[in-house]
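Q:
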Amino acid sequence: MARPRDESSPLFAGNAAGTLRLIFYLALAMVLMVLDHRNDWLWRVRYAASVVVEPVYRLANLPSAGMRTLTVAFADRKLLTEQNQRLREDLLLANARLNRMAGVAEQNQRLKELLDTRHSLDLNVQLARVVGVDLGAYQQRLVLNLGARDGVKPGQPVIDAHGVMGQVTEVLPTTSVVMLVTDPEHAIPVVVERSGLRTVAYGARDGSGLVLPNIPLAADVRPGDKLLTSGLGGRFPPGFPVGKVQSVALGASGMFRVAQVQPAADLDRSDDVLLLHDQAEPDGPPAPASPAGPPATLAPAPGAAGGNAPATTAPPGSPRAAARRAAASGTTGGAP
1 MARPRDESSP LFAGNAAGTL RLIFYLALAM VLMVLDHRND WLWRVRYAAS VVVEPVYRLA
61 NLPSAGMRTL TVAFADRKLL TEQNQRLRED LLLANARLNR MAGVAEQNQR LKELLDTRHS
121 LDLNVQLARV VGVDLGAYQQ RLVLNLGARD GVKPGQPVID AHGVMGQVTE VLPTTSVVML
181 VTDPEHAIPV VVERSGLRTV AYGARDGSGL VLPNIPLAAD VRPGDKLLTS GLGGRFPPGF
241 PVGKVQSVAL GASGMFRVAQ VQPAADLDRS DDVLLLHDQA EPDGPPAPAS PAGPPATLAP
301 APGAAGGNAP ATTAPPGSPR AAARRAAASG TTGGAP
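So the sequence shown is numbered by full-length UniProt numbering: it starts at 1 and just counts up by one.
(1) Check T169 in the structure and name its three-state DSSP category.
(2) Can you tell me whether DSSP reads Y202 as helix, strand or coil?
(3) Using C-beta distances below 8 Å, list every residue in its chain close to L80, excluding the 5 sequence neighbours before and after it, in chain order.
(4) Just to confirm the assignment, what range does the beta strand (DSSP E) spanning S176 have?
(5) Which of the three DSSP states is assigned to F74 in this structure?
(6) Which of the three DSSP states is assigned to A219 in this structure?
(7) Span of the beta strand (DSSP E) holding R129?
(8) Report the residue from T199, G254, L210, L228 whose alpha carbon sits nearest the alpha carbon of P184.
(9) If the criterion is Cβ atoms closer than 9 Å, does the pair V131 and T169 meet it?
(10) Can D220 be considered in contact with the ligand HEM, in the sense that its beta carbon sits closer than 8 Å to one or more heavy atoms?
(11) What is the residue span of the beta strand (DSSP E) that R257 lies within?
(12) Could you check the C-alpha separation between L123 and N214 for me, to the nearest Å?
(13) Determine, using beta carbons only, whether L275 and Q126 come nearer to each other than 9 Å.
(14) Any chance the region 249 to 267 sits against the region 230 to 239, with 3 or more Cβ pairs inside 8 Å?
(15) Hey, out of P173, A16, L212, whose CA is closest to T182's CA?
(16) What's the C-alpha gap between A264 and Q83?
(17) Tell me, which residues are paired with K244 by DSSP?
(18) Under the rule that 16 or more other beta-carbon atoms within 10 Å means buried, what is G243, buried or exposed?
(19) Out of H162, N95, G233, which has the shortest C-alpha to C-alpha gap to R269?
(20) Whose C-alpha, out of G207, L228, V177, is nearest the C-alpha of L197?
(21) Just curious, the beta strand (DSSP E) that V252 is in, first and last residue?
(22) Can you tell which of A187, A60, V191 has the C-alpha that lies nearest to the C-alpha of A204?
The following block contains the structure:
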């Protein structure tokens, strides 16, 4: 028995309506595509809709954009900090190199002055470097890098490009000690360049310079006068600058005037000095004379003086006997 048709069943009615709607939508889509292709209507709609929707997009993108901004800010700050640190290090290194170059340039200038001094002097000089300094109140000494192995001898004068520095007092195998002219135990004969007055300059008691303690009251010595080595004594060659008179005052005894002298040499700044060689020995007392007596050829026989050799007797008329008689009588003539 056939089942009666249910009019209320949407099986066929529903399928037919859905098909019609699908066909309608497809047709509408075709029409819209054609119209959009020809007149760009949908582009205008999308453009108008983007104006409304864009703020929503920006608002939704704010958290991620903020995170990116903070990340970039911290990264840039770290990078800038590192770059700043590197630039500081480069600046310090450049300043150190600049200071080193300035020091090398100054050293080269001093060496050039020493070289010019060496060429201008007709003397045998030797370049030495200062390796030790003792500029105390009671002694003024330098230590040089040359010693006995290099031919250094006690008493050698030491100069720099500006004047006399002192003399060698102690020589070791590889080093030597120099007593400066400002040492209280040092004295050097000088002459005033302007007036020709000869005197002796001593090291000041406090090691600050030189002093001329025994200037006659009538002597012509003024502030600004230059002192040169006089050459007396033979230790220092004449003509080397020693210092400049700073002040002249009456001494404590009232019988002499005292002058304070500024050394000409750079005692506290010179790193290289010159040692003078082939200088004359200092003058001193004459050597004792040898005892006078008859020549060896006219001396008496060893036997006559108590010697071990036997004495010999010459004939009375021989020349030898005549020479003996002349020596005994103190005459220089021969036998008659």
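Each residue gets a CB set at the ideal place from its N, CA and C atoms; glycine is no exception.
A: Per the coordinate set shown:
(1) strand
(2) strand
(3) none
(4) 176 to 180
(5) helix
(6) The DSSP-derived three-state label of A219 is coil.
(7) 124 to 135
(8) L210
(9) no
(10) In terms of ligand content, the structure shown is empty, and the ligand HEM therefore cannot be addressed.
(11) 256 to 263
(12) 32 Å
(13) yes
(14) no
(15) It is L212 whose Cα lies nearest to the Cα of T182.
(16) 51 Å
(17) Answer is K226, Q262, bridged to K244.
(18) buried
(19) H162
(20) Comparing Cα-Cα distances from L197 to each of G207, L228, V177, the minimum goes to L228.
(21) Note that residue 252 is Ala in the sequence shown, not Val. It is not in any beta strand (DSSP E) - A252 carries neither H nor E in the DSSP assignment.
(22) A187
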